[in-house]
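A.B. asks: One structure is given below, represented as structure tokens, and several questions about it will come after.
2 protein chains.
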Amino acid sequence: MATIKDVAREASVSVATVSRVFNGATVVREETARRIREVAATLRYAPHSGARSLITNRTNTLGVLLPDLYGEFFSELIHGIDLTARKEGYHILVSRSWEGRSEIEEAMRAMRGRVDGMLLMSPDVHADSMLNVPANLPVVLLCSPSRGHECDSVTIQNFQGAKEIVAHLIAVGHTRIAIIKGSLGNFDAAERLRGYRAALKDAGIQNDATLERQGDFTEKGGFTVAGELMALRNRPTAVFAANDSMAIGALSAFKQMGVRVPEEMAIAGFDDIPLCRYMDPPLSSVRVHIADLGARAVEVLLHGIRHKNDHVRRRERMSTEIVIRRSSGGEPAERPPPTLNNSMASV
Amino acid sequence: MATIKDVAREASVSVATVSRVFNGATVVREETARRIREVAATLRYAPHSGARSLITNRTNTLGVLLPDLYGEFFSELIHGIDLTARKEGYHILVSRSWEGRSEIEEAMRAMRGRVDGMLLMSPDVHADSMLNVPANLPVVLLCSPSRGHECDSVTIQNFQGAKEIVAHLIAVGHTRIAIIKGSLGNFDAAERLRGYRAALKDAGIQNDATLERQGDFTEKGGFTVAGELMALRNRPTAVFAANDSMAIGALSAFKQMGVRVPEEMAIAGFDDIPLCRYMDPPLSSVRVHIADLGARAVEVLLHGIRHKNDHVRRRERMSTEIVIRRSSGGEPAERPPPTLNNSMASV
DNA sequence: CGCCCTGATGTAAACGATTACATTTTTGCC
DNA sequence: GGCAAAAATGTAATCGTTTACATCAGGGCG
Numbered sequence: 000m001a002t003i004k005d006v007a008r009e010a011s012v013s014v015a016t017v018s019r020v021f022n023g024a025t026v027v028r029e030e031t032a033r034r035i036r037e038v039a040a041t042l043r044y045a046p047h048s049g050a051r052s053l054i055t056n057r058t059n060t061l062g063v064l065l066p067d068l069y070g071e072f073f074s075e076l077i078h079g080i081d082l083t084a085r086k087e088g089y090h091i092l093v094s095r096s097w098e099g100r101s102e103i104e105e106a107m108r109a110m111r112g113r114v115d116g117m118l119l120m121s122p123d124v125h126a127d128s129m130l131n132v133p134a135n136l137p138v139v140l141l142c143s144p145s146r147g148h149e150c151d152s153v154t155i156q157n158f159q160g161a162k163e164i165v166a167h168l169i170a171v172g173h174t175r176i177a178i179i180k181g182s183l184g185n186f187d188a189a190e191r192l193r194g195y196r197a198a199l200k201d202a203g204i205q206n207d208a209t210l211e212r213q214g215d216f217t218e219k220g221g222f223t224v225a226g227e228l229m230a231l232r233n234r235p236t237a238v239f240a241a242n243d244s245m246a247i248g249a250l251s252a253f254k255q256m257g258v259r260v261p262e263e264m265a266i267a268g269f270d271d272i273p274l275c276r277y278m279d280p281p282l283s284s285v286r287v288h289i290a291d292l293g294a295r296a297v298e299v300l301l302h303g304i305r306h307k308n309d310h311v312r313r314r315e316r317m318s319t320e321i322v323i324r325r326s327s328g329g330e331p332a333e334r335p336p337p338t339l340n341n342s343m344a345s346v
Numbered sequence: 000m001a002t003i004k005d006v007a008r009e010a011s012v013s014v015a016t017v018s019r020v021f022n023g024a025t026v027v028r029e030e031t032a033r034r035i036r037e038v039a040a041t042l043r044y045a046p047h048s049g050a051r052s053l054i055t056n057r058t059n060t061l062g063v064l065l066p067d068l069y070g071e072f073f074s075e076l077i078h079g080i081d082l083t084a085r086k087e088g089y090h091i092l093v094s095r096s097w098e099g100r101s102e103i104e105e106a107m108r109a110m111r112g113r114v115d116g117m118l119l120m121s122p123d124v125h126a127d128s129m130l131n132v133p134a135n136l137p138v139v140l141l142c143s144p145s146r147g148h149e150c151d152s153v154t155i156q157n158f159q160g161a162k163e164i165v166a167h168l169i170a171v172g173h174t175r176i177a178i179i180k181g182s183l184g185n186f187d188a189a190e191r192l193r194g195y196r197a198a199l200k201d202a203g204i205q206n207d208a209t210l211e212r213q214g215d216f217t218e219k220g221g222f223t224v225a226g227e228l229m230a231l232r233n234r235p236t237a238v239f240a241a242n243d244s245m246a247i248g249a250l251s252a253f254k255q256m257g258v259r260v261p262e263e264m265a266i267a268g269f270d271d272i273p274l275c276r277y278m279d280p281p282l283s284s285v286r287v288h289i290a291d292l293g294a295r296a297v298e299v300l301l302h303g304i305r306h307k308n309d310h311v312r313r314r315e316r317m318s319t320e321i322v323i324r325r326s327s328g329g330e331p332a333e334r335p336p337p338t339l340n341n342s343m344a345s346v
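In order, the protein sequences belong to chains A and B. Per numbering that gives the first Met the number 0, residue 0 is the first one in the first sequence, and the count goes up by one each step. Per numbering that gives the first Met the number 0, residue 0 is the first one in the second sequence, and the count goes up by one each step.
What follows is the structure in structure tokens.
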């Protein structure tokens, strides 16, 4: 593969001149520049980004470390991240770290020298310290518990969103409202539970521990818990699932058991994934602007990168909004619009 | 940020020894190694991957260049790619190239020196030559037209899948079958059209040009075309949409126009995205093992990387299978299973 | 004791670029 | 034409590693 030296030799100039052509190139004579460009083209030369970033100390790449890559949430998140990063001239290096702090640390070390900063999402509370990551590397935490003020972070308004949707269920007349909780140890899950409790408390409704059921953010989990709820002597009349997958699972279960939704059982979820509006009945949920979340995280990170010295720690919280559809017995709002999934453009 | 030299100095050894500890480390005395590791830990040293790959000429990273990142298809594709890459010790550098050959070339040049090979998906036929990419960089084309035998490629059996699903429509009694075509110039779209025509021909059905309608792979497009079809004097009784998004759009339109599906109009799509089984009626489609597609592409690419010299060009085609649900008037098969979306584990 | 061998460690040259600084060429002006 | 300033180009150090090769310290042995 051709290097800058090859180009220099062929064009009878020094490497410095070639380098200048491929960068600012203001001081190079037009004729020389043209000749160099021609030679570069015939040699199929492309600058070696690795070598370049070694000396410039900039990679123009952001590391993105997520707990998973699959599903609507991450799809949209990555989309938002990429859009913003690209607009600012950055590439993204995506990786997935399964469980555990050591995994994360290892992944972060592997990123050393490849990225200018990192976006890190590790929603499990116990992955709490990142002592051994290379110092001095800007990091933004996504949807993660706030660990003091070591890092910037961007999260969503879990508490507020959950509280509002539960308040809605109360407003349409329910008092026995169950919750299907998210995974144990998950930050978002804990916050949504807090929101649920706060809404009940605000309405003066007594907390009933038997209505707080452990879920795991999966559809299957929601399905199972729905069964448990129907087995209770004193059944709830509404259920709030900490995410849409579980709400969908619960809906399947209720249908299968012949429980009419929302007449006998109201349901609401969280995230407002596209599927919600296609369910029968369409699912009430809490809308999260996931792509914006990613975009905002990139912005914060870039600020950290560009102003390393005088960058004050940020802790942002993306707003949510509740979306009422038939499953909660609210007004039968929007119909599935003819256009929706506007960028599934290929295949 | 600490470098290998800092560690060497602090541990009173040479950089070579430190380097050895972080690599094979067989010939280093145990006591020395331990001391070096301690120093490295306190200094929070992590090897600079960029510098390392400059000299080793290996980055352990695969470039992934896709036309988009949003939607189920890409989500699953990236998932499959990441899974396999990671298993083999590779990271992935994801990027998105909008339209146009120059965009792609620019993106590929930017990858020079950052990746050991590239996965490239550019389903638009006209992006046909990649003359100016850095020579010698292994590339695998995904779902792209075969350009001679310059590159390895992995595609899906568009032709076969489309042919089978249309044959199914014929088998259940339809003879006037419309197609909503995919985007103009798109490789997958062209292949699916070929499959549609082949199925008709095999059944001895006369090709009717008014039943071949141009779509664009979007839900909205499907919605529009469905309206056009109903406006025909001689309406079809079934419609094959070249992807599920369009099928869903068409379904919405038919419902809105009061056309009963499948009694008055049968529908089938392509891709079998998860939404299909949730539609009312559930949508027949052609199942594509997208994650496997990504996985296989990585395998082919890694082979190309590891056996640069004696690597023969490969051209693989992932199989598809038709999935019959109610929308096509076939047997009312599977119900939405309680578990489905098994890895939407977080949020 | 001197020799060779072995195993541990050090030295220094790459890798492919950027860039401060030095040097050469061109240009403008008298 | 000659000279200074400006413009163009070259030289060489540098970024943080790896690794071939050199060196060095001991140990075994004749």
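We put the beta carbon where it would ideally sit given N, CA and C, even for glycine. From a predicted model like this one, the values you see are computed outputs, not experimental measurements.
Excluding the 5 residues flanking A:HIS78 on each side, which residues of the same chain have their C-beta closer than 6 Å to its C-beta?
C.D. replies: Taking the first sequence and counting its residues from 1, the one referred to as residue 78 of chain A is at position 79. Counting only Cβ-Cβ distances below 6 Å, and skipping sequence neighbours, we find ALA290.
A.B. asks: Give the secondary structure of B:ARG212 by DSSP, where H, G and I count as helix, E and B as strand, and everything else as coil.
C.D. replies: Start at 1 with the first residue of the second sequence, and residue 212 of chain B comes out as number 213. Reduced to three states, the DSSP call for B:ARG212 is strand.
A.B. asks: Going straight from the alpha carbon of A:ASN340 to that of B:SER96, what length do you get?
C.D. replies: Reading the first sequence from its first residue, position 341 is the one you call residue 340 of chain A. Reading the second sequence from its first residue, position 97 is the one you call residue 96 of chain B. Only weak support exists for where A:ASN340 lies, its pLDDT of 40 falling under 50; the value from the coordinates is given anyway. Their backbone Cα atoms lie some 20 Å apart in a straight line.
A.B. asks: Do we get a CB-CB distance below 7 Å when we pair A:ILE323 with the residues of chain B?
C.D. replies: Taking the first sequence and counting its residues from 1, the one referred to as residue 323 of chain A is at position 324. Judged by the 7 Å Cβ criterion, A:ILE323 is not in contact with chain B.
A.B. asks: Do A:PRO268 and A:SER251 have their CB atoms nearer than 7 Å?
C.D. replies: Residue mapping note: residue 268 of chain A aligns to position 269 of the first sequence, counting from 1. Residue mapping note: residue 251 of chain A aligns to position 252 of the first sequence, counting from 1. Note on residue identity: the sequence assigns Gly, not Pro, to residue 268 of chain A. No; because the gap between Cβ atoms is not below 7 Å, this pair is not in contact.
A.B. asks: Please list the partners that B:TYR277 has in chain A, where partner means a Cβ-to-Cβ separation under 7 Å.
C.D. replies: Within the second sequence, residue 277 of chain B is the residue found at index 278, counting from 1. Per Cβ cutoff of 7 Å: LEU274, TYR277, MET278.
A.B. asks: Using the C-alpha atoms, what's the distance from A:GLU218 back to A:ASN185?
C.D. replies: Your numbering for residue 185 of chain A matches position 186 in the first sequence. Your numbering for residue 218 of chain A matches position 219 in the first sequence. Cα-Cα distance, rounded: 17 Å.
A.B. asks: Using beta carbons (cut-off 7 Å, strictly below), is B:ASP81 in contact with chain A?
C.D. replies: For this step, residue 81 of chain B is matched to residue 82 along the second sequence. With 7 Å as the cut-off, B:ASP81 counts as an interface residue toward chain A.
A.B. asks: Helix, strand or coil for A:THR41 per DSSP?
C.D. replies: By one-based count along the first sequence, residue 41 of chain A stands at place 42. Correct three-state label for A:THR41: helix.
A.B. asks: Which bits of chain A does B:ARG193 rub up against, with CB to CB less than 9 Å?
C.D. replies: For the purposes of this step, residue 193 of chain B is taken as residue 194 along the second sequence, with counting starting at 1. Within chain A, no residue comes near B:ARG193; the closest Cβ sits about 16 Å away, beyond 9 Å.
A.B. asks: Does B:ALA265 pass the burial test, meaning 16 or more other C-beta atoms within 10 Å, or should it be called exposed?
C.D. replies: Along the second sequence, read from residue 1 onward, the residue named residue 265 of chain B stands at position 266. B:ALA265 is buried by the Cβ-count criterion.
A.B. asks: Roughly how many angstroms lie between the CA atoms of B:CYS275 and B:LYS162, to the nearest whole one?
C.D. replies: Position 276 of the second sequence, counted from the start, is the residue given in the question as residue 275 of chain B. Position 163 of the second sequence, counted from the start, is the residue given in the question as residue 162 of chain B. Each residue's alpha carbon lies about 19 Å from the other.
A.B. asks: Can you list, in chain order, the residues of its chain whose CB lies under 6 Å from that of A:GLU320, leaving out five sequence neighbours each side?
C.D. replies: Locating residue 320 of chain A in the first sequence gives position 321, where the first residue counts as 1. Correct list, in chain order: ARG286.
A.B. asks: Whether or not the stretch 290-303 of chain A and the stretch 191-209 of chain A are in contact is what I'm after, with contact meaning three or more pairs of Cβ atoms, one per stretch, closer than 8 Å; do they touch?
C.D. replies: No: the two stretches stay apart, fewer than three of their Cβ pairs being nearer than 8 Å.
A.B. asks: How big is the Cα-Cα spacing for A:THR338 and A:ASP279?
C.D. replies: Translated into positions along the first sequence, residue 338 of chain A becomes position 339. Translated into positions along the first sequence, residue 279 of chain A becomes position 280. For A:THR338, the pLDDT reaches just 39, beneath the cut-off of 50, and the residue's location in the model is therefore unreliable, leaving the point undetermined.
A.B. asks: Going along chain A in order, which residues have a C-beta closer than 8 Å to the C-beta of B:PHE73?
C.D. replies: In the second sequence, the residue the question calls residue 73 of chain B occupies position 74. SER74, listed in chain order.
A.B. asks: My output table needs one value for A:MET110: the three-state DSSP class, helix, strand or coil.
C.D. replies: Taking the first sequence and counting its residues from 1, the one referred to as residue 110 of chain A is at position 111. Helix at A:MET110.
A.B. asks: Interface residues of chain B around A:LEU68 at Cβ under 8 Å?
C.D. replies: In the first sequence, counting from the first residue as 1, residue 68 of chain A sits at position 69. The contacting residues are SER74, ILE77, HIS78, ASP81.
A.B. asks: On the criterion of 16 or more Cβ atoms from any shown chain inside 10 Å, does B:ARG113 qualify as buried, or is it exposed?
C.D. replies: Position 114 of the second sequence, counted from the first residue, corresponds to residue 113 of chain B. Flag for B:ARG113 reads buried.
A.B. asks: For B:VAL93, go through chain A and note every residue whose CB falls closer than 9 Å to its CB, in chain order.
C.D. replies: In the second sequence, residue 93 of chain B corresponds to position 94, counting from 1. Residues of chain A passing the Cβ test: VAL63, ILE77, ASP81, HIS90, ILE91, LEU92, VAL93.
A.B. asks: At a cut of 8 Å, does the stretch 116-123 of chain B reach the stretch 52-71 of chain B through at least three beta carbon pairs?
C.D. replies: Enough Cβ pairs lie closer than 8 Å, so yes.
A.B. asks: Verify the contact flag: B:ASN135, CB atom, against every heavy atom of the ligand FMN, threshold strictly below 6 Å.
C.D. replies: For the structure depicted, the ligand FMN is absent and the ligand set is empty, with no information on it obtainable.
A.B. asks: Ignore the nearest five residues each way along the sequence and tell me which others in B:MET317's own chain have a CB closer than 8 Å to its CB.
C.D. replies: For the purposes of this step, residue 317 of chain B is taken as residue 318 along the second sequence, with counting starting at 1. Closer than 8 Å at Cβ, skipping near neighbours: VAL153, THR154, ILE155, GLN156, VAL287, HIS288, ASP291, LEU292, ARG295.
A.B. asks: Closest Cβ-Cβ distance between A:SER345 and chain B: below 7 Å?
C.D. replies: Within the first sequence, residue 345 of chain A is the residue found at index 346, counting from 1. The pLDDT assigned to A:SER345 is 38, lower than 50, so where the model puts this residue is not dependable; a value taken from the coordinates is nonetheless given after this. Yes, its Cβ sits closer than 7 Å to a Cβ of chain B.
A.B. asks: B:GLY23 versus chain A: which residues are under 9 Å apart at the beta carbon?
C.D. replies: To locate residue 23 of chain B, count along the second sequence from 1; it is residue 24. None at all; the shortest Cβ gap to chain A is about 18 Å.
A.B. asks: Roughly how many angstroms lie between the CA atoms of B:ILE176 and B:ARG57, to the nearest whole one?
C.D. replies: Numbered from 1 along the second sequence, position 177 holds the residue referred to as residue 176 of chain B. Numbered from 1 along the second sequence, position 58 holds the residue referred to as residue 57 of chain B. So the two alpha carbons sit approximately 53 Å from each other.
A.B. asks: Would B:LEU141 count as contacting chain A if we go by Cβ distances under 7 Å?
C.D. replies: Position 142 of the second sequence, counted from the first residue, corresponds to residue 141 of chain B. B:LEU141 does not count as touching chain A.
A.B. asks: Only counting runs of 4 or more residues, tell me where the alpha helix (DSSP H) segments fall wholly within the stretch 253-333 of chain B, in order along the chain.
C.D. replies: You should have 289-305.
A.B. asks: Identify each residue in the stretch 280-310 of chain A for which the Cβ-Cβ distance to at least one residue of chain B is less than 7 Å, and report them in chain order.
C.D. replies: Residues passing the 7 Å Cβ filter: none.
A.B. asks: Apply the 10 Å Cβ neighbour rule to A:ILE54 and answer buried if 16 or more other Cβ atoms are within range, or exposed otherwise.
C.D. replies: Residue numbering aside, residue 54 of chain A sits at position 55 when the first sequence is read from its first letter. The residue is exposed, with fewer than 16 neighbouring Cβ atoms inside 10 Å.
A.B. asks: Which residues share a DSSP beta bridge with B:VAL139?
C.D. replies: Sequence index remark: in the second sequence, residue 139 of chain B carries index 140 (1-based). Paired residue(s): B:LEU118, B:ASP151.
A.B. asks: Please specify which runs of the alpha helix (DSSP H), each continuous and at least 4 residues long, are wholly inside the stretch 72-96 of chain A, giving them in chain order.
C.D. replies: Entirely contained in the stretch 72-96 of chain A, not one alpha helix (DSSP H) run reaches 4 residues.
A.B. asks: Can you round the beta-carbon distance between B:PHE216 and B:SER182 to whole angstroms, since I take them to be within the 8 Å contact cut?
C.D. replies: Walking along the second sequence from the start, residue 216 of chain B turns up at place 217. Walking along the second sequence from the start, residue 182 of chain B turns up at place 183. Contact holds; Cβ gap of about 5 Å.
A.B. asks: Given a threshold of 16 other Cβ atoms within 10 Å of its Cβ, counted over all protein chains shown, does B:THR223 qualify as buried or as exposed?
C.D. replies: On the second sequence, residue 223 of chain B is found 224 positions in, with the first residue counted as 1. By the 10 Å Cβ count, B:THR223 comes out buried.
A.B. asks: For a contact defined as C-beta to C-beta under 7 Å, what are the partners of A:ARG108 on chain B?
C.D. replies: Along the first sequence, one-based indexing puts residue 108 of chain A at 109. Ordered by position in chain B, the residues that pass the 7 Å Cβ test against A:ARG108 are ALA45.
A.B. asks: Give every residue of the same chain whose Cβ lies closer than 7 Å to the Cβ of B:SER18, excluding the five residues on either side of it in the sequence, and list them in chain order.
C.D. replies: Counted from its first residue, the second sequence places residue 18 of chain B at position 19. Around B:SER18: ILE3.
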